[in-house]
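Below is one structure, written out as structure tokens; comments come after it.
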Amino acid sequence: MLKTKDIGYWYTNEQDFLYQDVDLTFDAGKMYAILGASGSGKTTFLSLIAGLDVPKVGHIYYNDQDIHSIGLRNYRKNDVSTIFQSYNLLPYMSALDNVLTAMSICQTPVDNKKEYALEHLNKVGIDELLATKPVTQLSGGQQQRVAIVRSLCCNHDLIVADEPTGNLDEQTSQDIVSLFQKVAHEQKKCIIIVTHEQDVAKKCDAIYELKNKQFDLVK
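Quick note: the sequence shown, position 7, residue 7 per my numbering, numbers continuous.
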């Protein structure tokens with residue numbers, strides 16, 4: 001589904017690269033972890049494969065098509081959902097309206113979007129009362145769950161997530177990872193999780209570890 005070919009990235013100095021010659025493959029129906037220490041470049045890599053940034057060299061292919069040929073805006077709208085570590089929710093909206101707005105933009109093909117959104121919010125512990133509150137009145141962990149549901153409800157085949165369990169308690173974290181597993185395996189989605197948590201990574205089908213400026217397949 002998703003492939004990188006000879007990817008290289010640096011900020012200002014090519015000699016001080018984050019990584020180079022990165023060739024990775026991600027398949028539908030699997031959940032992947034990008035594991036690494038803080039500052040290693042995991043989030044930057046996620047931005048590249050999500051079409052939010054562009055590599056200095058190399059190419060990224062989605063279903064054998066260069067994402068630049070698809071158009072980064074079209075790619076982000078139609079093919080990939082991103083779960084941000086900082087949530088990126090619209091603060092003047094309720095949790096429900098955040099999800100519904102994303103579904104409208106992505107044209108999620110369901111008849112009753114409100115019912116669909118509420119059902120998915122409820123699965124992560126956001127009941128209808130919480131769902132109708134402004135997101136600014138929700139805790140950080142609740143906002144994280146809303147951001148996760150917003151991504152899942154867009155119904156894209158590729159989902160990338162930046163530390164999606166970082167602000168969740170242990171039980172909720174386990175529940176979210178189990179939900180990701182179910183979505184990947186049963187709906188044949190490709191889910192890529194950037195994390196520094198070994199317990200989360202171990203539950204993925206494959207692990208790429210970013211260490212010493214290179215990616216290694218460790219599982």
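The beta carbon of each residue, even a glycine, is placed where N, CA and C say it ideally should be.
### Query
Any chance the stretch 70-89 sits against the stretch 30-50, with 3 or more Cβ pairs inside 8 Å?
yes
### Task
Out of Gln-174, Leu-46, Lys-113 and Trp-10, state which residue places its alpha-carbon closest to the alpha-carbon of Arg-150.
Among Gln-174, Leu-46, Lys-113 and Trp-10, the Cα nearest to that of Arg-150 belongs to Lys-113.
### Query
With 16 other CB atoms within 10 Å as the buried threshold, where does Arg-73 fall?
exposed
### Query
Does the beta-carbon distance from Ile-191 to Val-200 come in below 8 Å?
no
#### Entry: Minimum C-alpha distance to Gly-140 - residue among Thr-172, Ile-159 and Ala-33
Nearest in C-alpha terms to Gly-140, of all of Thr-172, Ile-159 and Ala-33, is Thr-172.
### Query
Below 8 Å between beta carbons: does that hold for Leu-118 and Leu-130?
no
#### Entry: For Leu-156, the residue or residues it bridges with in DSSP
According to the sequence provided, residue 156 is His. The question's Leu does not apply to it. None; His-156 has no bridge partner.
### Message
Tell me which residue opens and which closes the alpha helix (DSSP H) that Phe-215 is part of.
### Response
Segment 214-217 is the beta strand (DSSP E) holding Phe-215; no alpha helix (DSSP H) there.
### 8 Å Cβ cutoff met for Ser-104 and Thr-132
no
### Query
How long is the line joining the alpha carbons of Thr-222 and Asp-6, rounded to whole angstroms?
With the chain running from 1 to 219 in the structure shown, residue 222 is simply not present.
### Message
Using a 10 Å radius around the Cβ and a threshold of 16 neighbouring Cβ atoms, would you call Asn-13 buried or exposed?
### Response
exposed
### Task
Keeping to the same chain, check which residues put their C-beta closer than 6 Å to that of Asp-157; ignore five residues upstream and five downstream.
Lys-189
### Query
Does the stretch 165-184 come within contact of the stretch 62-72, defined as at least 3 CB pairs closer than 8 Å?
no
### Message
For Ser-40, count the other beta carbons within 10 Å of its own beta carbon; 16 or more makes it buried, fewer makes it exposed. Which is it?
### Response
buried
### Query
Do Ile-207 and Leu-35 have their CB atoms nearer than 8 Å?
Yes.
#### Entry: Check whether Leu-24 and Thr-4 have beta carbons under 8 Å apart
yes
### Length at least 4, wholly inside the stretch 6-74: the alpha helix (DSSP H) runs in chain order
42-49 and 67-70
#### Entry: For Ala-206, the residue or residues it bridges with in DSSP
Tyr-32
#### Entry: Closest by C-alpha distance to Gln-144, when choosing among Ala-102, Ile-126, Ser-38 and Lys-56
Ile-126
### Task
Pull up the DSSP beta-bridge partners for Leu-2, would you.
Phe-26 and Tyr-62
### Query
Tyr-62 and Leu-2: beta carbons closer than 8 Å?
yes
### Task
Hey, could you find the ends of the beta strand (DSSP E) Ile-83 is sitting in?
80-83
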